[in-house]
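Remarks on the structure that follows.
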Amino acid sequence: MSVARAAGAAGLAIAAGLAPWAAQATPDMTGHDVVLASPPQKIADLWFAHNGVMVMLGAADRIVATVDRPKDQPWMFAIAPTLRKARWMPAQMPDIETLVHDGVQLVFIPQGEALRQECQAAGLPTAAMSFDSEEGLRRSVALTADMLSDPQAQAIARAYQQHLDEILKLVSSRVSDLPVGQRARVLHLQSLTPLKADGEGTLIDRWITVAGGRNAATGLHGNHMPITYEQILAWDPDVIILPGDAPDPESLPDHAAWDALRAVRSGLVYRNPKGVFPWDRYGPEFVLQVEWAAKLLHPGRFQDIDLNTATRDFYRTFYHAEISRDDADAILRAQAPAADRSSQ
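Read in order, the letters of the sequence shown are residues 1 to 344 in the UniProt record's numbering.
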């Protein structure tokens, strides 16, 4: 189904509506039941990436407290300016008493039993929503829509899942014949200072593989894992992908070690797109990341994919926002929105 047809299907589901609300327990990503007496209208979203899921599900206006800030995620606040009304809270030490005072009805957190218990002790229903896999992304989106108890959110969640299925099938079909030995070894760096990379068992490993590459960080498991230049030299990656907001490697004190890397000498170092959330991390734009990475690694096999058009279509359908070609280009270059858009 095309994006347009998926949106049409979403509209039909919205029109159909859902049965009246009945208090129920919904399991979160860790299996803990979250009991909501009524559809939550005041939500505290204390996981950075999950705020993007809320924007996609049309529920940004329910967020009254967030850990995200315009300076960190400028596109998120440009696309969903209602988030500027939300109270900012530090991720490590959220003010639980203030959440209670503000009448919060549901708290989304990443993981962490201590924070869960603190919120629940204050009478705040709390849902852990973080994930590190494609399956987890899908579950997190679906469970969030269920907790919102909104027919529009549930229709969007279904349309997103279908669109993701289609893109993964398309990309996989075009690289499936590539022998492992012909797939570029891709190193995804989560940070340059300090050096950290993403290994196996991550969503990053998933999009590298689906796009027709190999994760160069062999023997590394998990996210944000500390590494050394010696390890990078041993891996000898063909391609290096940096976070969108990474500093210029040439400005680093140890840039000589950086310059010695094969990918650097070959000019195959790329900065990742950054939109509502960094595409390479944990959010709905994972589907765009797959397309971007596939075209980056195999341009000849994906000549028909226009990333600017794909970005604008996705934002229109799933982020409910019309963005221009210049906007999409800025996102693809990991640049902040123009001043006139960011101030809207």
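Note that the Cβ used here is the ideal one computed from N, Cα and C, for glycine as well.
Q) For Met147, is the classification buried or exposed, using 16 other Cβ atoms within 10 angstroms of its Cβ as the cut-off for buried? A) Stepping through the sequence shown from its first residue, residue 147 is reached at position 147. Under this definition Met147 is a buried residue.
Q. Among Leu187, Pro194, Val180, which residue has its Cα nearest to the Cα of Tyr270?
A. Walking along the sequence shown from the start, residue 270 turns up at place 270. Comparing Cα-Cα distances from Tyr270 to each of Leu187, Pro194, Val180, the minimum goes to Leu187.
Q.
Out of Ile109, Arg158, Ile204, Ala338, which one is the CA nearest neighbour of Asp132?
A. Counting from one through the sequence shown, the residue named residue 132 turns up at place 132. Per the Cα distances, Ile204.
Q.
Spatial neighbours of Gln335 within its chain, please: C-beta separation below 6 Å, excluding the five flanking residues on both sides.
A. Locating residue 335 in the sequence shown gives position 335, where the first residue counts as 1. If we look at Gln335 and ignore the five residues flanking it on each side, it has no Cβ neighbours.
**Q.** Local Cβ density within 10 Å of His224, reported as buried at 16 or more and exposed below that
**A.** Start at 1 with the first residue of the sequence shown, and residue 224 comes out as number 224. Counting Cβ neighbours within 10 Å, His224 comes out exposed, since fewer than 16 surround it.
Q: Quick one: using the 10 Å Cβ neighbour count with 16 as the cut-off for buried, is residue 397 buried or exposed?
A: An answer regarding residue 397 cannot be provided, because it is not within the stretch 1 to 344 covered by the chain.
Q | Nearest candidate by alpha-carbon position, reference Arg281, set Ala197, Gly267, Thr98, Ile323 | A | Counted from its first residue, the sequence shown places residue 281 at position 281. If we check each option's Cα against that of Arg281, Ala197 comes out closest.
Q. What's the C-alpha gap between Pro243 and Trp207?
A. For the purposes of this step, residue 243 is taken as residue 243 along the sequence shown, with counting starting at 1. For the purposes of this step, residue 207 is taken as residue 207 along the sequence shown, with counting starting at 1. Approximately 15 Å between the Cα atoms of the pair.
Q: Specify the secondary structure class of Pro81 as computed by DSSP and reduced to three states.
A: On the sequence shown, residue 81 is found 81 positions in, with the first residue counted as 1. Looking at Pro81 - three-state DSSP - the assignment turns out to be helix.
Q.
So for Ala16, helix, strand or coil by DSSP?
A. Numbered from its first residue, the sequence shown carries residue 16 at position 16. A caution first: Ala16 carries a pLDDT of 42, below 50, which makes its placement in the model too unreliable to give a value.
Q) Considering only the beta carbon of each residue, do Val287 and Leu164 sit closer than 7 Å? A) If you number the sequence shown from 1, residue 287 lands on position 287. If you number the sequence shown from 1, residue 164 lands on position 164. Going by C-beta atoms, Val287 is nearer than 7 Å to Leu164.
(Q) Ignoring anything shorter than 3 residues, give me the beta strand (DSSP E) runs that lie fully in the region 241-293, in order along the chain. (A) 269-271
Q) With which residues is Asn215 paired in a DSSP beta bridge? A) Locating residue 215 in the sequence shown gives position 215, where the first residue counts as 1. Per DSSP, Val186.
Q) Is it buried or exposed for Lys295, if we count other Cβ within 10 angstroms and need 16 for buried? A) Your numbering for residue 295 matches position 295 in the sequence shown. The residue is buried, with at least 16 neighbouring Cβ atoms inside 10 Å.
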